[in-house]
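Enquirer: Structure below; questions to follow.
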Amino acid sequence: MDLVTRLLVSDRRALAQAISLVEAGDPGSRVILRQVYPHTGQAQIVGVTGAPGTGKSTLVSALVREFRQRDRSVAIVAVDPSSPFTGGALLGDRIRMQDLAGDPGVFIRSMASRGHLGGLAQATSDVLKLMDAAGFSLVIVETVGAGQSEVEVAGAAHTTIVLDVPGMGDDIQAIKAGILEIADILVVNKADLPGADRRIAQLEAMLHMGEYPDGWRPPVLRTVAVRDQGLSILADTIEKHWTFLRTGGRLEAFYRRQAEQEFDAALRDEAMRVLRERVLDPERHTALVERICGRELDPYSAASKVLAGMRG
Amino acid sequence: MERKIRVLVAKPGLDGHDRGAKVVARSLRDAGMEVVYTGLQQTPEMIVEAALQEDVDVIGLSILSGAHMTLLPRICDLLRQQGGEDILVVAGGIIPDEDVEPLQEAGVAAIYGPGTPSSEYVAFIREHVRQA
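Chains A and B supply the protein sequences, listed in that same order. If you're matching positions, the first sequence starts at 708 in this note's numbering and goes up one per residue. If you're matching positions, the second sequence starts at -10 in this note's numbering and goes up one per residue.
Here you go:
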């Protein structure tokens, strides 16, 4: 059996190998994604994001245990940053997920961001598709430790959970644009620490100022992930959000938006590839960079020049 | 994008000292590799399952407990049974000289004692890792 056939019947080894190919941008990965694509769109994809140290991995681990009790199979992709200097990475999310080891209904993959900004790796959304096609009913994506603008996960996941902890800032931080805005569910983790009530009140006050024309007002939940507290309510809320999305054409709208974004991104990649192949070989590219660098040519005129070659 | 060397660094058995494993993990990271660190007290089954899910090229095992003659061959056996025989296995820790040869026969490609410079195992891994 070939790789894709094995992947579609949940062969874990095939899934692992397909992920590596997609991650490396291997020429064969296009074929894999083409064959897998019709089988996607089944799983609920849940994103978990938050600042470093807010407890994302621990929460994911506890949440997966909760979903396993509900007989859901779960795949996890956990993204950690690559070094901007060496390109190496230390992927440590598995440490917190040790007690999931040996469960055949759980698949965990660590992924380095490889220089991609936005909270995910370049290939993360394709990896989510592979996990979806492999038949997992729930796919969880954990972002790198996020700052204020790592909001990419919201486009990749149906349900975005933003983790916060007591002591993370005042009410002005809470009304800034960015990460808090993308939450479908807000979680104050480590809620046994002092300041939890205050933080929850600040987040509630922030939400009170907002409007929710689509009908979903993000709830603020409290958890203590290391002690398995609050996970059952969180899991219920995730399921509730999925039910919400599947009514009133919301899921269709989500997929439409996603299709548009992915199509545009693919077009950019493909256009770049064709340009490089036809009119912009590496020498010409370097030569133009030199001229731009020497202030003889500005970047926009250089780009027009290259594209004029395509038209002619 | 070129294919990165992926390494699983794991501690089989019951000893609780992972400073060595962390130093090795850090040095492999600094050598440009992607290192998955799994933490303490891993069973052979957990290590092999993690290696296959992560599709790593190399497993680096750190063991100080003295149980290496039981645990390391077991890991190599499990890898062979599950189709992971092309994964390079290296080990470090407190391993007496007379155990080195039997461990190599069992499938551990290289064994490093305390004080090994990182350049040594980095070069070994680069040279012996499977070709994609």
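Beta carbons: idealized from backbone N, C-alpha and C, even for Gly.
Drop a sphere of 10 angstroms on the beta-carbon of H915 of chain A, count the other beta-carbons inside from all chains shown, and report buried for 16 or more, exposed for fewer.
Expert: One-based indexing of the first sequence puts residue 915 of chain A at position 208. Under this definition H915 of chain A is an exposed residue.
Enquirer: Look up G49 of chain B in the DSSP assignment and give the residues it is bridged to.
Expert: Within the second sequence, residue 49 of chain B is the residue found at index 60, counting from 1. According to DSSP, G49 of chain B bridges with B:V(-2) and B:V79.
Enquirer: Note down the Cα distance separating S764 of chain A from F814 of chain A, rounded to an integer number of angstroms.
Expert: Taking the first sequence and counting its residues from 1, the one referred to as residue 764 of chain A is at position 57. Taking the first sequence and counting its residues from 1, the one referred to as residue 814 of chain A is at position 107. For S764 of chain A and F814 of chain A, the distance between alpha carbons rounds to 14 Å.
Enquirer: Could you name the residues of the segment 35 to 54 of chain B whose beta carbon sits closer than 8 Å to any beta carbon of chain A, in the order they occur along the chain?
Expert: Listed by position, the residues of the segment 35 to 54 of chain B near chain A (Cβ gap below 8 Å) are M35, E38, A39, L41, Q42, E43 and D44.
Enquirer: Locate the alpha helix (DSSP H) running through I940 of chain A, then write down its first and last residues.
Expert: Here residue 940 of chain A refers to the residue found at position 233 when the first sequence is read from its first residue. It spans L938 to L952 - the alpha helix (DSSP H) in which I940 of chain A sits, taken as one unbroken run.
Enquirer: Mind pulling the alpha helix (DSSP H) runs of 4 or more residues that sit fully within the segment 879 to 923 of chain A?
Expert: Listed in chain order, they are 903 to 916.
Enquirer: Could you spell out where the alpha helix (DSSP H) holding I868 of chain A opens and where it closes?
Expert: What you label residue 868 of chain A is simply residue 161 of the first sequence in a count that begins at 1. Segment T866 to D871 is the beta strand (DSSP E) holding I868 of chain A; no alpha helix (DSSP H) there.
Enquirer: Output the boundary residues of the beta strand (DSSP E) element that contains Q724 of chain A.
Expert: Against the first sequence, residue 724 of chain A aligns to sequence position 17. Taken as a continuous stretch (DSSP letters only), Q724 of chain A belongs to no beta strand (DSSP E), being part of the alpha helix (DSSP H) at R719 to A731.
Enquirer: Taking 7 Å as the limit between beta carbons, can you name the residues of its chain near L29 of chain B, skipping five residues before and five after?
Expert: For the purposes of this step, residue 29 of chain B is taken as the residue at position 40 of the second sequence. Same-chain partners within the cutoff: K0, G5 and D7.
Enquirer: Excluding sequence positions up to five away, which residues of its chain have a Cβ less than 6 Å from the Cβ of R115 of chain B?
Expert: The residue you call residue 115 of chain B lines up with position 126 of the second sequence. Hits under 6 Å: none found.
Enquirer: Chain A beta carbons: is any one of them nearer than 9 Å to that of D19 of chain B?
Expert: The residue given as residue 19 of chain B occupies position 30 in the second sequence. It does; some Cβ of chain A falls within 9 Å.
Enquirer: How would you label R801 of chain A, buried or exposed, when you count the other beta carbons within 10 angstroms and need 16 or more for buried?
Expert: For the purposes of this step, residue 801 of chain A is identified with residue 94 of the first sequence, where counting begins at 1. Buried is the call here.
Enquirer: To be precise: take each residue of the segment 787 to 802 of chain A, compare its Cβ to all Cβ atoms of chain B, and keep it if any distance is under 8 Å. Which residues remain?
Expert: Hits within the stretch, in order: S789, S790, T793, G794, G795, A796, L797, L798, G799, R801 and I802.
Enquirer: Given this structure, state the Cα-to-Cα distance separating E997 of chain A from E1003 of chain A, to the nearest angstrom.
Expert: Taking the first sequence and counting its residues from 1, one reaches residue 997 of chain A at position 290. Taking the first sequence and counting its residues from 1, one reaches residue 1003 of chain A at position 296. Distance between the alpha carbons of E997 of chain A and E1003 of chain A is about 9 Å.
Enquirer: Considering only DSSP beta bridges, list what Y962 of chain A is partnered with.
Expert: Taking the first sequence and counting its residues from 1, the one referred to as residue 962 of chain A is at position 255. According to DSSP, which records beta bridges pairwise, Y962 of chain A is partnered with nothing at all.
Enquirer: From the DSSP output, in three-state form, read off T756 of chain A for me.
Expert: Sequence index remark: in the first sequence, residue 756 of chain A carries index 49 (1-based). Strand, per DSSP.
Enquirer: Rounded to the nearest angstrom, what separates D46 of chain B and Q805 of chain A at their Cα positions?
Expert: To locate residue 46 of chain B, count along the second sequence from 1; it is residue 57. To locate residue 805 of chain A, count along the first sequence from 1; it is residue 98. Going by the C-alpha atoms only, they are around 21 Å apart.
Enquirer: If you draw a straight line from the alpha carbon of L728 of chain A to that of G735 of chain A, how long is it in whole angstroms?
Expert: Translated into the one-based positions of the first sequence, residue 728 of chain A becomes position 21. Translated into the one-based positions of the first sequence, residue 735 of chain A becomes position 28. Each residue's Cα considered, the two are about 7 Å apart.
Enquirer: Would you identify the three-state DSSP class for D787 of chain A, choosing helix, strand or coil?
Expert: If you number the first sequence from 1, residue 787 of chain A lands on position 80. D787 of chain A: strand per DSSP, three-state reduction.
Enquirer: Quick one: list the residues of chain A neighbouring Y26 of chain B, beta-carbon separation under 8 Å, in chain order.
Expert: Here residue 26 of chain B refers to the residue found at position 37 of the second sequence. Those within 8 Å of Y26 of chain B in chain A are L797, L798, G799, R801 and I802.
Enquirer: Hey, how far is the Cα of A20 of chain B from the Cα of S820 of chain A?
Expert: Numbered from 1 along the second sequence, position 31 holds the residue referred to as residue 20 of chain B. Numbered from 1 along the first sequence, position 113 holds the residue referred to as residue 820 of chain A. Cα to Cα, the separation comes out at about 17 Å.
Enquirer: Tell me whether I847 of chain A sits in a helix, a strand or coil according to DSSP, three-state version.
Expert: The sequence position of residue 847 of chain A within the first sequence is 140, counting from 1. The answer is strand: DSSP assigns I847 of chain A an E or B state.
Enquirer: Can you pull out the residues from the segment 804 to 828 of chain A whose beta carbon lies closer than 8 Å to at least one beta carbon of chain B?
Expert: Those would be Q805, A808, G809, F814, I815, R816, S817, A819 and R821, in chain order.
Enquirer: Given that a residue counts as buried once 16 or more other Cβ atoms are within 10 Å of its Cβ, and exposed if not, what is Q749 of chain A?
Expert: Counted from its first residue, the first sequence places residue 749 of chain A at position 42. By the 10 Å Cβ count, Q749 of chain A comes out exposed.
Enquirer: Assign V118 of chain B to one of two classes, buried (16 or more other C-beta atoms within 10 Å of its C-beta) or exposed (fewer than that).
Expert: Residue 118 of chain B sits at position 129 when you count from the first residue of the second sequence. V118 of chain B comes out buried.
Enquirer: Within 10 angstroms of the Cβ of F774 of chain A, are there 16 or more other Cβ atoms? Answer buried if so, exposed if not.
Expert: Within the first sequence, residue 774 of chain A is the residue found at index 67, counting from 1. So F774 of chain A ends up on the buried side.
Enquirer: Hey, out of B:V79, B:R63, B:D44 and B:E94, whose CA is closest to Y101 of chain B's CA?
Expert: Taking the first residue of the second sequence as position 1, residue 101 of chain B is located at position 112. If we check each option's Cα against that of Y101 of chain B, B:V79 comes out closest.
Enquirer: For F814 of chain A, list the residues DSSP reports as bridge partners.
Expert: Reading the first sequence from its first residue, position 107 is the one you call residue 814 of chain A. Looking at the DSSP assignment, F814 of chain A forms a beta bridge with A:A782.
Enquirer: Tell me the DSSP secondary structure of A973 of chain A in three-state form.
Expert: For the purposes of this step, residue 973 of chain A is identified with residue 266 of the first sequence, where counting begins at 1. Helix at A973 of chain A.
Enquirer: Three-state secondary structure (DSSP) at Q742 of chain A?
Expert: Residue mapping note: residue 742 of chain A aligns to position 35 of the first sequence, counting from 1. Note: Q742 of chain A maps to helix in three-state DSSP.
Enquirer: Run through DSSP, which three-state label would R777 of chain A get?
Expert: Locating residue 777 of chain A in the first sequence gives position 70, counting from the first residue. Looking at R777 of chain A - three-state DSSP - the assignment turns out to be coil, as it is neither helix nor strand.
Enquirer: Around the C-beta of M818 of chain A, are 16 or more other C-beta atoms found within 10 angstroms, so that it is buried, or is it exposed?
Expert: As a working note, residue 818 of chain A is residue 111 in the first sequence. When all chains shown are included, M818 of chain A counts as buried.
Enquirer: Would you list the one or two residues that DSSP bridges to I100 of chain B?
Expert: Locating residue 100 of chain B in the second sequence gives position 111, where the first residue counts as 1. According to DSSP, I100 of chain B bridges with B:A80.
Enquirer: Do three or more CB pairs link the segment 982 to 993 of chain A to the segment 839 to 853 of chain A at distances below 8 Å?
Expert: The segment 982 to 993 of chain A vs the segment 839 to 853 of chain A: no contact.
Enquirer: List, in order along the chain, the chain A residues whose C-beta lies closer than 7 Å to that of A14 of chain B?
Expert: Walking along the second sequence from the start, residue 14 of chain B turns up at place 25. Near A14 of chain B (Cβ distances below 7 Å), the residues of chain A are L797.
Enquirer: Which residues, in chain order, does the segment 737 to 753 of chain A contribute to contact with chain B at a C-beta distance below 8 Å?
Expert: Those residues of the segment 737 to 753 of chain A that come within reach of chain B (Cβ to Cβ, closer than 8 Å) do not exist; the list is empty.
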